[in-house]
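Trainee: Note that my numbering gives residue 398 to position 65 of the sequence shown, counting from 1, and the numbers run on in steps of one.
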Amino acid sequence: MVDLEKAKHSFDGSGFSFVAVKGENVFTSRKGGVIPLLEFIAEGVDLKGFSAADKVIGKAAALLMVYCGIRAAYTPVISKKALEVFENYGIYAEYDKLVEFISNRRNTGLCPMEEAVLNVDEPEKAYNAVLNKIELLKNNPPQ
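#1: Which same chain residues, not among the five before or five after V367, have their C-beta less than 7 angstroms away from its C-beta?
#2: Please state if the CB of F383 and the CB of K355 are separated by a distance shorter than 8 angstroms.
#3: Under the assumption that I403 contacts L380 (Cβ atoms under 8 angstroms), give the Cβ distance between them as a whole number of angstroms.
#4: Tell me which residues share the same chain as K341 and place their Cβ nearer than 7 angstroms to its Cβ, disregarding the 5 neighbours each side in the sequence.
#5: What whole-angstrom Cβ distance do E427 and L371 have, given they're in contact under 8 angstroms?
#6: Roughly how many angstroms separate the alpha carbons of K466 and S343, rounded to a whole number?
#7: Measure from the alpha carbon of L443 to the alpha carbon of each residue in P409, G391, V399, then state which is nearest.
#8: Rounded to whole angstroms, what's the CA-CA distance from Y400 to L451? Just pull it up for me.
#9: Give the range of the alpha helix (DSSP H) segment to which E455 is assigned.
#10: Can you tell me the Cα-Cα spacing of M334 and I435, whole angstroms?
#11: Can you tell which of N461, V389, K430 has the C-alpha that lies nearest to the C-alpha of R438?
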């Protein structure tokens with residue numbers, strides 16, 4: 334788990350919201366939510382076999398990590414559904430706090446990305462559901 338330790342070390346206090354490490358290859362982002370994963374996918378970045386550190390991991394992020402081929406992950410906060418995804422797909426996970434679900438930014442309910450994948454268990458379907466939800470939110474921002 335050397336790569337995971339490197340990811341955690343690069344993540345701590347760096348201001349990065351996402352770090353992925355495999356050997357000497359390191360990818361980072363300061364963007365929030367699932368945006369780093371979506372951007373890496375769109376750019377064709379191959380994260381297969383990487384270890385990642387992410388600020389918060391909910392079910393949507395977990396399924397996107399599976400979609401990308403991430404093999405291990407660390408997060409300060411993980412949802413129960415995300416942990417189930419990792420267990421089902423054999424992804425090693427370390428976390429500081431396990432929560433029932435990831436809240437939206439206003440703490441008034443479920444995160445929209447979590448909501449988008451509530452009844453989805455396949456990574457490819459989750460990827461499409463997240464993209465659709467983002468498009469919907471762009472056209473109909475929360476009031």
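Glycine included, C-beta positions come from ideal geometry on N, C-alpha and C.
Remember, predicted model here, so these are calculated numbers, not experimental data.
Mentor: Working from what's here:
#1: Along the sequence shown, one-based indexing puts residue 367 at 34. Same-chain partners within the cutoff: A393, A394, L397, M446, V463.
#2: Counted from its first residue, the sequence shown places residue 355 at position 22. Counted from its first residue, the sequence shown places residue 383 at position 50. It is a contact, given that the beta carbons lie within the stated cut-off.
#3: Here residue 403 corresponds to residue number 70 of the sequence shown, with the count starting at 1. Here residue 380 corresponds to residue number 47 of the sequence shown, with the count starting at 1. About 6 angstroms; that satisfies the 8 angstroms criterion.
#4: Counted from its first residue, the sequence shown places residue 341 at position 8. Closer than 7 angstroms at Cβ, skipping near neighbours: A386, Y407.
#5: On the sequence shown, residue 427 is found 94 positions in, with the first residue counted as 1. On the sequence shown, residue 371 is found 38 positions in, with the first residue counted as 1. Between E427 and L371, the beta carbon gap of about 23 angstroms keeps them out of contact (Cβ cut-off 8 angstroms).
#6: Walking along the sequence shown from the start, residue 466 turns up at place 133. Walking along the sequence shown from the start, residue 343 turns up at place 10. Rounded to the nearest angstrom, the two C-alpha atoms are 30 angstroms apart.
#7: Residue mapping note: residue 443 aligns to position 110 of the sequence shown, counting from 1. Nearest C-alpha to L443: G391.
#8: Locating residue 400 in the sequence shown gives position 67, counting from the first residue. Locating residue 451 in the sequence shown gives position 118, counting from the first residue. Looking at the two C-alpha atoms, the distance is approximately 16 angstroms.
#9: Residue numbering aside, residue 455 sits at position 122 when the sequence shown is read from its first letter. Careful: E455 lies outside any alpha helix (DSSP H) and carries neither H nor E.
#10: As a working mapping, residue 334 is identified with position 1 in the sequence shown. As a working mapping, residue 435 is identified with position 102 in the sequence shown. Going from the Cα of M334 to the Cα of I435 covers about 26 angstroms.
#11: Against the sequence shown, residue 438 aligns to sequence position 105. Ranking N461, V389, K430 by Cα distance to R438 puts V389 first.
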